[in-house]
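Here the structure comes first, spelled out in structure tokens, and everything after it is commentary.
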Ligand SMILES: [Zn+2]
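Numbering (the working numbering), first residue to last: 15 to 509.
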């Protein structure tokens, strides 16, 4: 997921505050190519949408109680989810069968086909793949060796979209703690590999804030800022507050008119080592990145519907993104969101809960590295009457609630249903953000929500080889899916 939220109290994971700098929009991912879309709409796009989770504003909660039918729906879904681990079993099958699903990979396309088949088997209608052309970047072979005193190899991951080194690049490392320090000491950067050793703070459990929106900036713009000062490559400290020597990748972006220099993330441990060593004297390293950008390839959004009983032409979109980075198995980011959306529709079918409007499941392709799926969906369907869109791209921690993009009236119109979600533990509903993939809909005025699980560990795993299905609790996943179903049902059913 992408996201933002620096400085904004109680930001949602991935949520970008209105007026946030464009760089925040480089999400979690979706950035390199997704920037324009996101940057243009800072309030909603997120880079990843991952930035702090936010608690709702109690002021937004109206006094009017939810209707009885909504309470009934909540009770039915909570009972249906209780004791089940079915969503997790499906996610494990998905993760173990396809593994990482980067844009341009066969695994991504196979996963899309599998999802379409699974949704058809679940009883959804009009299950299909809708074609989307997506970028294709491959990392190739990578290494980073410290030369001379203290020689060792350090773990790293090239950033999504980086150019390669065309062989081995040997240079002295210049360590800075921030982009501002880089600019202030720019004269020293010429011919060097700049390491931006910017620390992400520990998760703030009081404010439900990760600090990701600020911490991710060096990833997105470090290369272009360093290149302006004549640097030959850039390294960043992985965007995480917790590390067991695991590097975290993510999208970066180049600027027009500025040389494209290689960019990679080292681990917290590696960054701290280089900072200590450089403080003692010059440190030289050998960097090799085999990254390449290949021609665009055909991919697709996986779509299926629970057709509404009275107003089938009116749509509530629910979804996540089916692509992932090329490390780990992308279970938290965002296999979980896809499986939750699929499971939500399946639960509603099993319970005979067919709402007045159509619930459309959309598993977006290429969120992490282009946001092409979200844009293609809007191009193809933006003219249809969408009453709401809900995205799940913040992992699968314990159910917590939803964030809502929009003004106080929009927030209040949804937050009034919060008590209905209490049996699922997902009644924390208030102002927040939508999601990267649905941001074109949000920009067009569609009511947009994000499913918001507890997020304290999300960024520990994010975009790393540690993002695997074993990190997800089956009960959490099942109850998040039920909450997803309940919110979709309410928005598709209410007057
Ligand atoms: Zn994601």
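Every residue, glycine too, gets a C-beta built ideally from N, C-alpha and C.
Q.
Using a 10 Å radius around the Cβ and a threshold of 16 neighbouring Cβ atoms, would you call residue 194 buried or exposed?
A. exposed
Q: Let me know the secondary structure DSSP gives residue 149 once reduced to three states.
A: strand
Q) Looking at the unbroken alpha helix (DSSP H) that takes in residue 220, where does it start and where does it end? A) In this chain, residue 220 is not harboured by any alpha helix (DSSP H), its DSSP state being neither H nor E.
Q: Quick one: residues in its chain with C-beta nearer than 7 Å to the C-beta of residue 488, no 5 flanking neighbours on either side, listed in chain order?
A: 99, 102
Q: Report buried or exposed for residue 162, applying the criterion of at least 16 other Cβ atoms within 10 angstroms of its Cβ.
A: Under this definition residue 162 is an exposed residue.
Q: For residue 122, I'd like the list of residues in its chain whose CB is within less than 6 Å of its CB, leaving aside the five on either flank, ordered along the chain.
A: 115, 337
Q: Could you name each continuous alpha helix (DSSP H) segment of 4 residues or more that falls completely within the region 393-427, going from the start of the chain to the end?
A: For the alpha helix (DSSP H) assignment, the region 393-427 encloses no uninterrupted run of at least 4 residues.
(Q) Quick check on residue 98: does DSSP put it in helix, strand or coil? (A) coil
**Q.** Status (buried if at least 16 other CB within 10 Å, exposed otherwise) for residue 135
**A.** exposed
Q.
For residue 313, count the other beta carbons within 10 Å of its own beta carbon; 16 or more makes it buried, fewer makes it exposed. Which is it?
A. buried
Q: Using only alpha-carbon positions, find the residue among 383, 464, 385 that is nearest to residue 413.
A: 464
**Q.** Rounded straight-line distance, which links the Cα of residue 253 to that of residue 12
**A.** Since the first residue of the chain shown is 15 and the last is 509, residue 12 is not available in this structure.
Q) Helix, strand or coil for residue 120 per DSSP? A) helix
Q) Does the Cβ of residue 425 have 16 or more other Cβ atoms within 10 Å, making it buried, or fewer, making it exposed? A) buried
Q: Within 10 angstroms of the Cβ of residue 588, are there 16 or more other Cβ atoms? Answer buried if so, exposed if not.
A: Not covered by the structure: residue 588. The range shown for the chain is 15 to 509.
Q. Of all the alpha helix (DSSP H) runs that stay within the bounds of the region 309-388, which reach a length of 4 or more residues?
A. Listed in chain order, the complete alpha helix (DSSP H) runs (minimum 4 residues) inside the region 309-388 are 350-364.
Q: May I ask you to check if the CB of residue 340 is nearer than 7 Å to at least one heavy atom of ligand 1?
A: no
(Q) Buried or exposed for residue 445, going by 16 or more other Cβ atoms inside 10 Å? (A) That one is buried.
(Q) Please tell me whether residue 346 and residue 126 are closer than 8 Å, where the distance is taken between their beta carbons. (A) With respect to residue 126, residue 346 sits apart: the two C-beta atoms are not nearer than 8 Å.
Q: Return no unless some Cβ of chain C is closer than 8 Å to the Cβ of residue 118.
A: Among the protein chains of the structure shown there is no chain C, as only one such chain exists.
Q) Using CA coordinates, which residue listed in 118, 139, 278 is at the minimum distance from residue 178? A) Residue 178 has its Cα closest to that of 278, out of 118, 139, 278.
(Q) Using the Cβ count rule (16 or more neighbours within 10 Å means buried), how would you classify residue 150? (A) Buried, since its Cβ has 16 or more Cβ neighbours within 10 Å.
Q. Beta carbon of residue 272, beta carbon of residue 242: below 8 Å?
A. yes
Q: Indicate, with yes or no, if ligand 1 has a heavy atom lying under 7 Å from the CB of residue 2.
A: In the structure displayed, the chain extends from 15 to 509; residue 2 sits before or after that span and is not available.
Q. Could you give the C-beta distance for residue 137 and residue 363, rounded to a whole number, given that I count them as a contact under 8 Å?
A. 5 Å
Q: Note down, one range per segment and in chain order, each beta strand (DSSP E) of at least 3 residues found wholly within the region 167-202.
A: 170-172, 182-190
**Q.** Inter-residue Cα distance where the pair is residue 48 and residue 391
**A.** Because residue 48 sits at a pLDDT of 37, beneath the cut-off of 50, its placement in the model cannot be relied upon, and the point is left open.
Q: Consult DSSP for residue 248 and reduce its assignment to one of helix, strand or coil.
A: strand
Q | Delimiting residues of the beta strand (DSSP E) encompassing residue 442 | A | Residue range 442-445 is occupied by the beta strand (DSSP E) that includes residue 442.
Q | Nonlocal neighbours in the same chain, by C-beta distance under 7 Å from residue 84, ignoring five residues either side | A | 431, 434, 504
Q.
To the nearest angstrom, how far is the alpha carbon of residue 496 from that of residue 481?
A. 23 Å
**Q.** Sequence-distant residues of the same chain with beta carbon closer than 6 Å to residue 386, five excluded per side
**A.** Counting only Cβ-Cβ distances below 6 Å, and skipping sequence neighbours, we find 146, 148, 380.
Q: Alpha carbon to alpha carbon, how far is residue 300 from residue 159? Give it in angstroms, no decimals.
A: So the alpha carbons of these two residues sit roughly 5 Å apart.
Q. Beta carbon of residue 377, beta carbon of residue 129: below 8 Å?
A. yes
(Q) Can you confirm whether the region 435-444 touches the region 407-423 when touching is taken to mean that 3 or more C-beta pairs between the two stretches lie within less than 8 Å? (A) yes
Q. What residues match up with residue 280 in a beta bridge as DSSP calls it?
A. Per DSSP, the beta bridge partners of residue 280 are 170, 251.
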